[in-house]
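Student: Throughout the sequence shown, residue numbering follows our numbering, covering 133 to 401 in sequence.
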Amino acid sequence: MRLRAGIPLMLAVAAMPLAAAPAAPAAQCIPIRVGYMDQNRPPYWLGEGDKVPDPPGAAVDLIRDAVLGAGFGCTPIWVRLPVARLKLALANGDIDLAPLGELSFYPAEIALPRDKSGNIDLERALHNQVLVLVRAQDKLPANTNPMQFFKGKTLGIPQGNGYAARLREAGLTLDEGGRDLDRNIEKLRLGRVDGVVVAAVAPAHLKQTLDKYKGAVVQLPQPLLNIRVWLAFNDNFYRAHTQQSEALWTWLDKNRNRLGYVMQRYRKD
């Protein structure tokens, strides 16, 4: 009888470790709202309006890789906004992260990477070139210096670009009436502007865009300007998640060539 009575007890005890074992901890997921422009600027940002297309663009892919590589643990929540609203939305905390170009002043509500001296870290940034597109029929020499040549002329530039102020300070006349690159190129073809300004990490990245115009629009080899773009955080979000935020900036610095890798998804032979 004792043996029979003990069997249920033994079975209950044997089952206890399984029933009482703690659940495996869920993978860390820090929701992060990433804002970026609602304009079509291939190959970096694709599509118009608030919808995120598939594929979304090379820069969107790079930001996603950086967020995951930094340990946030979940895919970003994408928020597409007009370019002019991105900085304000970031400062207000409506978004947590956004690409931000070089400015003369940065609101205190926006966090940027800092070096050991407390200055904005120039290395932990994305490095871009500002190039000029012209009509092939104008037959500009390959050695044309665009900063000198376009003084006294008009350059079309998509609305809301952070580097527009620097170009005006350099003495250039800008037409910001066109919302996106395609509309500005149309102005160029109609002779309403003398050139079109466009940013690119590498000149070769514009090939797919220019292929649409079958040789009628070409880019000048010499860049107009070299610029930096940071992935900036809302300061409150940065303070709440400092470790992951710093890791994201470091990831970008260590993987500065990764944009060339993700570009393969958008390359058409």
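Cβ atoms here follow ideal geometry from the backbone N, Cα and C, with glycine treated the same way.
Count the other CB atoms, across all protein chains shown, that sit within 10 Å of the CB of glycine 225; report buried if there are 16 or more and exposed otherwise.
Tutor: By the neighbour-count rule (16 or more Cβ atoms within 10 Å), glycine 225 is not buried but exposed.
Student: By the three-class DSSP mapping on this structure, what secondary structure does threonine 276 have?
Tutor: Coil at threonine 276, not helix or strand.
Student: With 16 other CB atoms within 10 Å as the buried threshold, where does lysine 407 fall?
Tutor: This structure leaves residue 407 out entirely; the chain is present only between 133 and 401.
Student: Run the CB neighbour count on proline 185, radius 10 Å, all protein chains shown included, and call it buried at 16 or more, exposed below.
Tutor: It is exposed - the Cβ of proline 185 has fewer than 16 other Cβ atoms within 10 Å.
Student: Apart from the five residues on each side of it in sequence, which residues of its chain come closer than 8 Å, Cβ to Cβ, to alanine 240?
Tutor: Excluding positions up to five away in sequence, the list reads Asp367.
Student: Whole angstroms is fine: what's the gap from phenylalanine 204's alpha carbon to glycine 181's?
Tutor: C-alpha separation (whole angstroms): 26 Å.
Student: Taking the Cβ atom as the reference point for each residue, do leucine 232 and alanine 221 lie within a distance shorter than 8 Å?
Tutor: No, the Cβ-Cβ distance between leucine 232 and alanine 221 is not below 8 Å.
Student: Report all residues from its chain with a CB closer than 6 Å to the CB of lysine 285; omit the five preceding and five following residues, and keep chain order.
Tutor: Closer than 6 Å at the Cβ level, and outside the excluded window around lysine 285, lie Asp326.
Student: Is it the case that the CB of glutamate 255 approaches a heavy atom of the ligand FAD more closely than 7 Å?
Tutor: In the structure shown, the ligand FAD is absent, as is every other ligand, since no ligand is present at all.
Student: In the DSSP assignment, the alpha helix (DSSP H) including valine 330 goes from what residue to what residue?
Tutor: Per DSSP, valine 330 belongs to no alpha helix (DSSP H); it is in the beta strand (DSSP E), 327-332.
Student: Could I get the ranges of all uninterrupted alpha helix (DSSP H) runs contained in the segment 350-392, with 4 residues as the minimum, in chain order?
Tutor: You should have 367-372 and 374-386.
Student: Which runs of the alpha helix (DSSP H), 4 residues or longer, sit entirely within the segment 206-261?
Tutor: As far as the segment 206-261 is concerned, its whole alpha helix (DSSP H) runs of at least 4 residues are 215-224.
Student: So does the segment 266-273 actually touch the segment 247-257, counting three or more Cβ pairs closer than 8 Å?
Tutor: Cβ pair count under 8 Å is below three, so no.
Student: Run the CB neighbour count on glycine 323, radius 10 Å, all protein chains shown included, and call it buried at 16 or more, exposed below.
Tutor: Exposed: under 16 other Cβ atoms inside 10 Å.
Student: Grouping DSSP H, G and I as helix and E and B as strand, with all else coil, what is alanine 155?
Tutor: With a pLDDT of only 41 at alanine 155, under the threshold of 50, the placement of this residue in the model should not be trusted; the figure read from the coordinates follows. Here alanine 155 sits in coil by DSSP.
Student: Would you tell me roughly how many angstroms separate the C-alpha atoms of tyrosine 370 and isoleucine 242, rounded to the nearest one?
Tutor: So the alpha carbons of these two residues sit roughly 9 Å apart.
Student: Do you know offhand how far aspartate 228's Cα is from lysine 271's?
Tutor: Spanning the two alpha carbons is a distance of roughly 46 Å.
Student: Roughly how many angstroms lie between the CA atoms of methionine 169 and lysine 386, to the nearest whole one?
Tutor: Cα-Cα distance, rounded: 25 Å.
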